[in-house]
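Engineer: Residue numbers (the numbering used here): 1 to 359. Note that beta-carbon positions come from the ideal geometry of N, C-alpha and C, so glycine has one too. Supplied in structure tokens, the structure appears directly below.
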Amino acid sequence: MKGGWQPTKTAIFMKTIIKTINPENIDMDIIEEFGKMLADGKTVIFPTETVYGLGANALDENAASKIYEAKGRPSDNPLLVHVSDIDDVETLVEEVDEKARLLMEKFWPGPLTILFNKKDVIPSRTSGGLSTVAIRMPSDEVARKLIRASKVPIAAPSANISGKPSPTKAEHIIKDMDGRVDGILLGKDCDFGVESTIIDLSGEYPMVLRPGCITLEMLREVLGKVEIDPSLSSMADNIKAKAPGMKYKHYSPNAEVYIVSGENDKRIKKINELIKVNSEKGLKTAVLCMKMNSSKYNCMTFDLGNSYEEVAHNLFGALIKLDELGIDIAYAESFEEKGVGVAIMNRLKKSAAYRIIET
Ligand code: AMP
Ligand code: MG
């Protein structure tokens, strides 16, 4: 086990209702049934376009507590609040200013979370004791219909045990979460595969607290100057991260992950040398790489795809698979930190505990 804070994975034995929903032909009876569970203060896992979320009524302190319990989540790590309609935001926050309105018009529904000063209706359990609340409106139809059916805003962090990679496919959910929540609604694979971009508009200029698929470049087109929270660039500084969740151990498989950077041919050569050393020690090694390189390594490879969008979509699934296959050491090719590459490298660095091998 790596150092730092460890979640308690205490056993919780609940009867979990599990249903599968077809996103092409949404069964409204199932949506109503799960919406009622949420309205009654219960916990439900559901698909979104980013990752699967573990939801409960954001206005109900007890319901929000159940999320922390199910995930083993530290209590100062606030929950994201999901709404089904833009108009719902005004009931939850002090003010929607011009910049927020521009972003909501351009990127909602979609994977962008905006921080607002909260109204008192948001209990401090949901906001992790902060005076702000993070809100987004998902584009996934199942998610939006479910939230609308519940008739309340839904607090929903990622549906993983705290510290583990976020689930992006139905098959990632059951093993860890059956018995820990009231309901699980299984749907299709999540389109984007990394969590939403989080933006804070309260400072001198807008600041990205967590990079995602709404990229810095896209945000700058709408707002002009936008920066990325400087504390995200190294582990030491992560302690001061403005999104409290970014300071915790995160996305960590049991395997030891290393990022290998440098020019492609040199990187392949270095990784193959390391694979040889590992195999002499009897260690099971795997490589996470772009499709064009997947036949170039002398061990098991996880082909993450041809484009950065595909890499984002496949990354968490590959990290989860490492544990299923009992891999000891995984090498991940590094990605260029522009566009979606910023979000990919942010998640990879955290899963690798910032271990980078330069070639
Ligand atoms: P998750 O959905 O599991 O990725 O967790 C939500 C993320 O949003 C965590 O990193 C939180 O720290 C962050 N977050 C939620 N609310 C706030 C807030 N009010 N201010 C800053 N970060 C927040
Ligand atoms: Mg999470």
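Any heavy atom of ligand 3 within a distance shorter than 7 angstroms of the CB on R210?
Structural biologist: Summarising the ligand content, the structure contains ligand 1 and ligand 2 and does not contain ligand 3.
Engineer: Find out if the Cβ-Cβ distance for the pair I45, V181 is shorter than 8 angstroms.
Structural biologist: Yes, the Cβ-Cβ distance between I45 and V181 is below 8 angstroms.
Engineer: Where in the stretch 38-76 do unbroken runs of the alpha helix (DSSP H), each at least 4 residues long, occur, reported from the N-terminal end onward?
Structural biologist: Segments of the alpha helix (DSSP H) lying fully in the stretch 38-76: 61-71.
Engineer: Counting C-beta neighbours from all protein chains within 10 Å, is the total for M345 16 or more, i.e. buried, or is it exposed?
Structural biologist: By the 10 Å Cβ count, M345 comes out buried.
Engineer: Can we say the stretch 114-121 touches the stretch 168-184, given the rule of at least three CB pairs closer than 8 angstroms?
Structural biologist: Taking 8 angstroms as the limit for Cβ pairs, the verdict is that the stretch 168-184 does not touch the stretch 114-121.
Engineer: Let's test the definition: count the other Cβ atoms within 10 Å of the Cβ of F13 and tell me whether it reaches 16, buried, or not, exposed.
Structural biologist: Flag for F13 reads exposed.
Engineer: Assess, as a yes-or-no matter, whether the stretch 193-206 is touched by the stretch 312-320 under the definition of 3 or more beta carbon pairs within less than 8 angstroms.
Structural biologist: With a cut-off of 8 angstroms, the stretch 193-206 and the stretch 312-320 count as touching, because enough Cβ pairs lie within range.
Engineer: Are the CB atoms of L103 and I198 nearer to each other than 8 angstroms?
Structural biologist: It is not a contact, given that the beta carbons lie outside the stated cut-off.
Engineer: Would the C-beta of N346 count as close to ligand 1, meaning under 7 angstroms from any of its heavy atoms?
Structural biologist: N346: no, Cβ never under 7 angstroms from ligand 1.
Engineer: Can you list the alpha helix (DSSP H) stretches of 4 or more residues lying completely in the stretch 238-302, in chain order?
Structural biologist: Segments of the alpha helix (DSSP H) lying fully in the stretch 238-302: 264-280.
Engineer: Please list the terminal residues of the continuous beta strand (DSSP E) segment that includes G183.
Structural biologist: Here the beta strand (DSSP E) through G183 covers G183 to L186.
Engineer: Would DSSP call R355 helix, strand or coil?
Structural biologist: R355: coil per DSSP, three-state reduction.
Engineer: Applying the criterion that 16 or more other CB atoms from any shown protein chain within 10 Å of the CB defines a buried residue, is D120 buried or exposed?
Structural biologist: By the 10 Å Cβ count, D120 comes out exposed.
Engineer: Taking 8 angstroms as the cut-off, decide whether the C-beta atoms of L201 and K66 are in contact.
Structural biologist: It is not a contact, given that the beta carbons lie outside the stated cut-off.
Engineer: So for M226, helix, strand or coil by DSSP?
Structural biologist: One point to set straight first is that residue 226 is Val, not Met, in the sequence displayed. DSSP places V226 in coil when its eight states are reduced to three.
Engineer: Report the rounded CA-to-CA distance for N225 versus R210, giving the unit in angstroms.
Structural biologist: The question names Asn, yet the displayed sequence has Lys at residue 225. K225 and R210: Cα-Cα distance of roughly 16 angstroms.
Engineer: Give the secondary structure of A155 by DSSP, where H, G and I count as helix, E and B as strand, and everything else as coil.
Structural biologist: Strand at A155.
Engineer: Less than 7 angstroms separating the Cβ of E49 from some heavy atom of ligand 2?
Structural biologist: Not under cutoff, so the answer is no.
Engineer: Quick check: is any heavy atom of ligand 1 less than 7 angstroms from the C-beta of E195?
Structural biologist: Yes, ligand 1 has a heavy atom inside 7 angstroms of this Cβ.
Engineer: Thinking C-alpha only, which one of G187, A134 and V96 is nearest N22?
Structural biologist: Per the Cα distances, G187.
Engineer: Does any heavy atom of ligand 1 sit closer than 7 angstroms to the C-beta of L115?
Structural biologist: Checking every heavy atom of ligand 1 against the Cβ of L115, one is found closer than 7 angstroms.
Engineer: To the nearest angstrom, how far is the alpha carbon of K175 from that of K349?
Structural biologist: Distance between the alpha carbons of K175 and K349: 26 angstroms.
Engineer: What whole-angstrom Cβ distance do V51 and S166 have, given they're in contact under 8 angstroms?
Structural biologist: Between S166 and V51 the Cβ distance is about 4 angstroms, and since that is below 8 angstroms, they are a contact.
Engineer: CB of S84 to nearest heavy atom of ligand 1: below 7 angstroms?
Structural biologist: No, ligand 1 has no heavy atom inside 7 angstroms of this Cβ.
Engineer: Please go through the stretch 95-171 and give each complete alpha helix (DSSP H) segment of 4 or more residues, from N-terminal end onward.
Structural biologist: Counting only runs of 4 or more, we get 98-107 and 141-150.
Engineer: Cα separation between G3 and H250?
Structural biologist: Because the pLDDT of G3 is 38, which lies under 50, any placement of that residue in the model is unreliable, and the question is left without a value.
Engineer: If you draw a straight line from the alpha carbon of V287 to that of S162, how long is it in whole angstroms?
Structural biologist: Spanning the two alpha carbons is a distance of roughly 25 angstroms.
Engineer: Kindly examine ligand 1 and report whether one of its heavy atoms sits closer than 7 angstroms to the Cβ of K296.
Structural biologist: K296: no, Cβ never under 7 angstroms from ligand 1.
Engineer: Would you say the beta carbon of T16 is closer than 7 angstroms to some non-hydrogen atom of ligand 1?
Structural biologist: No, the beta carbon of T16 sits no closer than 7 angstroms to any heavy atom of ligand 1.
Engineer: What residue does the alpha helix (DSSP H) around D323 start on, and which one ends it?
Structural biologist: First-last of the alpha helix (DSSP H) with D323: Y308 to E324.
Engineer: Can you give me the start and stop residues for the alpha helix (DSSP H) that K19 sits inside?
Structural biologist: First-last for K19: I17 to T20, but that is the beta strand (DSSP E), not the alpha helix (DSSP H).
Engineer: Does the Cβ-Cβ distance between I214 and L112 come in under 8 angstroms?
Structural biologist: Cβ distance < 8 angstroms, so I214 and L112 count as in contact.
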